[in-house]
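Participant:
Protein chains: 2
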Amino acid sequence: MKIDPTNPADLSAQIAKAIRDAIISGALPVDERLPSEAELAEQFDVSRPTVREALKRLAAQSLIRTQRGATGGAFVNRLTFRDAYRQQITTSTLLLSMNDVSFATACEARFALERACAPLSALRRTDAHLAVMRAEIARQQQPELTDEDFCASDVAFHRALVDAAGNPVLSYQLAGAVEAMQPLMNMITFTDRSREMIVTLHQKIADAIEAGQSQSTEQHLSALSEYTQQLARRVIARRQAS
Amino acid sequence: MKIDPTNPADLSAQIAKAIRDAIISGALPVDERLPSEAELAEQFDVSRPTVREALKRLAAQSLIRTQRGATGGAFVNRLTFRDAYRQQITTSTLLLSMNDVSFATACEARFALERACAPLSALRRTDAHLAVMRAEIARQQQPELTDEDFCASDVAFHRALVDAAGNPVLSYQLAGAVEAMQPLMNMITFTDRSREMIVTLHQKIADAIEAGQSQSTEQHLSALSEYTQQLARRVIARRQAS
DNA sequence: AATTTTCATTTGTCAGACAATTAAACGTCT
DNA sequence: AGACGTTTAATTGTCTGACAAATGAAAATT
Chain A
1 MKIDPTNPAD
11 LSAQIAKAIR
21 DAIISGALPV
31 DERLPSEAEL
41 AEQFDVSRPT
51 VREALKRLAA
61 QSLIRTQRGA
71 TGGAFVNRLT
81 FRDAYRQQIT
91 TSTLLLSMND
101 VSFATACEAR
111 FALERACAPL
121 SALRRTDAHL
131 AVMRAEIARQ
141 QQPELTDEDF
151 CASDVAFHRA
161 LVDAAGNPVL
171 SYQLAGAVEA
181 MQPLMNMITF
191 TDRSREMIVT
201 LHQKIADAIE
211 AGQSQSTEQH
221 LSALSEYTQQ
231 LARRVIARRQ
241 AS
Chain B
1 MKIDPTNPAD
11 LSAQIAKAIR
21 DAIISGALPV
31 DERLPSEAEL
41 AEQFDVSRPT
51 VREALKRLAA
61 QSLIRTQRGA
71 TGGAFVNRLT
81 FRDAYRQQIT
91 TSTLLLSMND
101 VSFATACEAR
111 FALERACAPL
121 SALRRTDAHL
131 AVMRAEIARQ
141 QQPELTDEDF
151 CASDVAFHRA
161 LVDAAGNPVL
171 SYQLAGAVEA
181 MQPLMNMITF
191 TDRSREMIVT
201 LHQKIADAIE
211 AGQSQSTEQH
221 LSALSEYTQQ
231 LARRVIARRQ
241 AS
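Top to bottom, those sequences are chains A and B. Just so we're aligned: the first sequence equals residues 1 to 242 in the UniProt record's numbering. Just so we're aligned: the second sequence equals residues 1 to 242 in the UniProt record's numbering.
#1: By the criterion of Cβ-Cβ separation under 7 Å, what are the contact partners of K56 (chain B) in chain A?
#2: Could you give the residue range of the alpha helix (DSSP H) that holds R238 (chain B)?
#3: Just verifying my parser: in three-state terms, what is the DSSP assignment at R68 (chain A)?
#4: In the stretch 100-134 of chain B, which residues sit with their C-beta less than 7 Å from some C-beta in chain A, listed in chain order?
#5: Between the beta-carbon of I64 (chain B) and the beta-carbon of F44 (chain B), is there less than 8 Å?
#6: Pull out every residue of the stretch 156-173 of chain B whose Cβ sits closer than 8 Å to any Cβ of chain A, in chain order.
#7: Please list the partners that E98 (chain B) has in chain A, where partner means a Cβ-to-Cβ separation under 8 Å.
#8: Can you tell me the Cβ-Cβ gap for N186 (chain B) and D147 (chain B), rounded? I've got them flagged as a contact below 8 Å.
#9: Would you list, in sequence order, the uninterrupted alpha helix (DSSP H) runs of no fewer than 4 residues that lie entirely inside the UniProt domain "HTH gntR-type" (9-79) of chain B?
#10: Taking C117 (chain A) as the reference, give the member of A:V178, A:A60, A:L55 and A:F75 with the closest Cα.
#11: Take every Cβ of the stretch 113-132 of chain B, pair it with every Cβ of the stretch 162-173 of chain B, and state whether three or more of those distances are shorter than 8 Å.
#12: Quick one: does A74 (chain A) have its CB under 8 Å from some CB of chain B?
#13: Counting only Cβ pairs nearer than 8 Å, list the residues of chain B close to T91 (chain A).
#14: How about Y172 (chain A) and F81 (chain A): are their beta carbons less than 8 Å apart?
#15: So G176 (chain B) contacts chain A; which residues on that side make the cut at Cβ distance below 7 Å?
#16: Does the stretch 24-31 of chain A come close enough to the stretch 65-77 of chain A to have 3 or more Cβ pairs within less than 8 Å?
#17: Report the neighbours of residue 285 (chain A) on chain B: residues whose CB is nearer than 7 Å to its CB, in chain order.
#18: Is A122 (chain A) near A208 (chain A), with beta carbons less than 8 Å apart?
#19: Determine the closest residue to D21 (chain A) out of A:L58, A:M181, A:D127 and A:P35, with distance taken between C-alpha atoms.
#20: Where in the stretch 90-171 of chain A do unbroken runs of the alpha helix (DSSP H), each at least 4 residues long, occur, reported from the N-terminal end onward?
#21: Suppose you measure from the CA of A206 (chain B) to the CA of M133 (chain B); what does that come to, to the nearest Å?
#22: How many angstroms separate the CA atom of Q140 (chain A) from the CA atom of Q182 (chain A)?
#23: Look at the alpha carbon of V169 (chain B) and the alpha carbon of A232 (chain A), and state the distance between them as a whole number of angstroms.
#24: Return the CA-CA distance between K204 (chain B) and H220 (chain B), expressed in angstroms with no decimal places.
#25: Any chance you could list the alpha helix (DSSP H) runs of at least 4 consecutive residues sitting entirely within the stretch 165-210 of chain A, in chain order?
#26: G69 (chain B): which of B:S36, B:R86, B:Q88 and B:F157 sits nearest, CA to CA?
#27: Chain A partners of P49 (chain B), CB-CB under 9 Å?
#28: Taking 8 Å as the limit between beta carbons, can you name the residues of its chain near V235 (chain A), skipping five residues before and five after?
#29: Among the candidates B:D83, B:S102, B:Q61 and B:T66, whose CA atom is the shortest distance from the CA of R86 (chain A)?
#30: Hey, how far is the Cα of Q142 (chain A) from the Cα of A106 (chain B)?
#31: Roughly how many angstroms lie between the CA atoms of K17 (chain A) and S25 (chain A), to the nearest whole one?
#32: Just the C-alpha distance for T66 (chain B) and L95 (chain B), rounded to the nearest angstrom, thanks.
#33: According to the neighbour-count rule (16 or more other Cβ atoms, all chains shown, within 10 Å of its Cβ), is S92 (chain A) buried or exposed?
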């Protein structure tokens, strides 16, 4: 692990990169303790604050965790699916909000990805997954539900659908796509009629998953995708008219 | 933007969270300049190094960029697809390497996602995408190619396939899945016979994309998925035997 | 008017200090 | 000897003050 001493700026970024590369290459295995801040400062020939800034960069990516005390220090963190989920969701959310991605594009991506796991979900769904989906459908039928809660339930339903595929890598990849859509979805006001239609499609999807029919699942997902985009277009048109 | 003064530990994490939330909520728009480090230190009632640690956390997530000089400071960064790609790839790579995800699981996820964009790719592919795919196929036929280079070309081929869908959100989501597989793929030694088979399937996929046949594309992708997993099983078996 | 110089602002880095935390080492008492 | 409290050393977390480097704006000069 070496840094470029000729460039006296961005030292903390260089140090972070050196340590990150060591972690990625496997030179620093999970749960390995890094040298103390003082030792790192000496190794890289920088001051302790500079080392600390580098460590905070790594901590922001969940690459290390720190512990105070005599046997404390910075340890290489095992990146859990949970941590990766969270990072992906914030990244995806910001990506969509900062790059004026059209609703159509985001929606298309989301349902394309969901269709991808339909065959696996139909094959492997457990009773627990089905129970979650049914529970969310029941929730969505409550008329007093706010639009925000309706969208949240929608996300929960689709997450159950994705998780039913029983592939954690797939769940991780799709979590970002589904959850990042929520702020966009929240901009749509769901009338009673549109909610009814969505719930019906959700029921058909749940039925198809329960029956293990992947093709039917994909069809209803496509229908839901188109209906959602149609709703969005209507909302946008109404907004422009006013 | 407030922090909890009762907990005097992890101040930089709290400050980072406060600023991050402000960015996500839109209170701090893109290219907005944050207060100077000295001002932030005063606002949050902490010292400048603490503020700096918080800012480095945000910089690690590409949420801000900093500039020195009189009119410098920290600015809210527009998260580009490029930045998001990079982050997702490192996260995905680490996730796979640190959680002994089976090759089968990762492979299944990857091809499931790719199948998802087959219909869109078949519909929207441009000549440029096809040219990249053909070029990579030609590359893969060179016998002197190392296994690493073969894998890299494989990744390039599949990225072109994904990009052909013409949906940047989809490309972003799938970049992680495809690229993160490369280290795992690199562990497989591709014999001449297996390369021949893979190239043949790549050609069939390119042909199907060119012809706009989504179903055929999906079929060949499934075949490629199964063949890849078969290869992996053979490599693992051979390794355990020795 | 154009160019150069000066200057104020801001980030980047450093040195040294103290507080808080934590586990191990050490004593002490039963 | 063993259980229990105490001390101690190591380590991170934070603060203060300082200086260097970059940079654009303002001022001075040609």
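Glycine included, each C-beta is placed from N, C-alpha and C at the ideal position.
Facilitator: Taking the coordinates as given:
#1: The count along the second sequence starts at 1 and reaches residue 56 (chain B) at position 56. Result: S12, E53, K56 and R57.
#2: For the purposes of this step, residue 238 (chain B) is taken as the residue at position 238 of the second sequence. S214 to A241 is the span of the alpha helix (DSSP H), which, as asked, contains R238 (chain B).
#3: Indexing the first sequence from 1 puts residue 68 (chain A) at position 68. Coil.
#4: V101, T105, A106, E108, A109, A112, L113, R115, A116, C117 and L120
#5: Mapped onto the second sequence, residue 64 (chain B) falls at position 64. Mapped onto the second sequence, residue 44 (chain B) falls at position 44. Their beta carbons are not under 8 Å apart, which means I64 (chain B) does not touch F44 (chain B) by this criterion.
#6: A165, N167, P168, V169, L170, Y172 and Q173
#7: As a position in the second sequence, residue 98 (chain B) is number 98, starting the count at 1. Before going further, note that residue 98 (chain B) is Met rather than Glu in the sequence given. Chain A residues near M98 (chain B): V30, R78 and L79.
#8: Here residue 186 (chain B) refers to the residue found at position 186 of the second sequence. Here residue 147 (chain B) refers to the residue found at position 147 of the second sequence. Yes, N186 (chain B) and D147 (chain B) are in contact; Cβ-Cβ is about 7 Å, under 8 Å.
#9: 11-25, 37-44 and 48-60
#10: Indexing the first sequence from 1 puts residue 117 (chain A) at position 117. Cα-wise, what sits closest to C117 (chain A) is A:V178.
#11: yes
#12: Stepping through the first sequence from its first residue, residue 74 (chain A) is reached at position 74. Not an interface residue.
#13: Position 91 of the first sequence holds residue 91 (chain A). Within chain B, the residues near T91 (chain A) are Q61, L79, A84, Q87 and Q88.
#14: On the first sequence, residue 172 (chain A) is found 172 positions in, with the first residue counted as 1. On the first sequence, residue 81 (chain A) is found 81 positions in, with the first residue counted as 1. In contact: Y172 (chain A) and F81 (chain A) (Cβ atoms closer than 8 Å).
#15: Residue numbering aside, residue 176 (chain B) sits at position 176 when the second sequence is read from its first letter. Going along chain A in sequence order, the residues near G176 (chain B) (Cβ under 7 Å) are Q173.
#16: yes
#17: No answer is possible for residue 285 (chain A): the residues shown for chain A start at 1 and end at 242.
#18: Locating residue 122 (chain A) in the first sequence gives position 122, counting from the first residue. Locating residue 208 (chain A) in the first sequence gives position 208, counting from the first residue. Yes, the pair counts as a contact, with Cβ atoms nearer than the cut-off.
#19: On the first sequence, residue 21 (chain A) is found 21 positions in, with the first residue counted as 1. Out of A:L58, A:M181, A:D127 and A:P35, A:L58 has the C-alpha closest to the C-alpha of D21 (chain A).
#20: 103-124, 127-140 and 147-163
#21: For the purposes of this step, residue 206 (chain B) is taken as residue 206 along the second sequence, with counting starting at 1. For the purposes of this step, residue 133 (chain B) is taken as residue 133 along the second sequence, with counting starting at 1. Rounded to the nearest angstrom, the two C-alpha atoms are 7 Å apart.
#22: Counted from its first residue, the first sequence places residue 140 (chain A) at position 140. Counted from its first residue, the first sequence places residue 182 (chain A) at position 182. Rounded to whole angstroms, Q140 (chain A) to Q182 (chain A) spans 15 Å at the Cα level.
#23: Within the second sequence, the letter at position 169 stands for residue 169 (chain B). Within the first sequence, the letter at position 232 stands for residue 232 (chain A). Cα to Cα, V169 (chain B) sits roughly 18 Å from A232 (chain A).
#24: The residue you call residue 204 (chain B) lines up with position 204 of the second sequence. The residue you call residue 220 (chain B) lines up with position 220 of the second sequence. Rounded to whole angstroms, K204 (chain B) to H220 (chain B) spans 7 Å at the Cα level.
#25: 168-180 and 182-186
#26: For the purposes of this step, residue 69 (chain B) is taken as residue 69 along the second sequence, with counting starting at 1. Nearest of B:S36, B:R86, B:Q88 and B:F157 to G69 (chain B), Cα basis: B:S36.
#27: Counting from 1 along the second sequence, the entry for residue 49 (chain B) is found at position 49. Under the 9 Å cutoff, chain A gives P49, R52 and E53.
#28: Translated into positions along the first sequence, residue 235 (chain A) becomes position 235. Around V235 (chain A): M187, I188 and T189.
#29: As a working note, residue 86 (chain A) is residue 86 in the first sequence. When each option's Cα is compared against that of R86 (chain A), the closest is B:Q61.
#30: Residue mapping note: residue 142 (chain A) aligns to position 142 of the first sequence, counting from 1. Residue mapping note: residue 106 (chain B) aligns to position 106 of the second sequence, counting from 1. Whole-angstrom Cα-Cα distance: 39 Å.
#31: Here residue 17 (chain A) refers to the residue found at position 17 when the first sequence is read from its first residue. Here residue 25 (chain A) refers to the residue found at position 25 when the first sequence is read from its first residue. Answer to the nearest angstrom: the Cα atoms are 12 Å apart.
#32: Numbered from 1 along the second sequence, position 66 holds the residue referred to as residue 66 (chain B). Numbered from 1 along the second sequence, position 95 holds the residue referred to as residue 95 (chain B). Between T66 (chain B) and L95 (chain B), the C-alpha separation is close to 29 Å.
#33: Within the first sequence, residue 92 (chain A) is the residue found at index 92, counting from 1. That one is buried.
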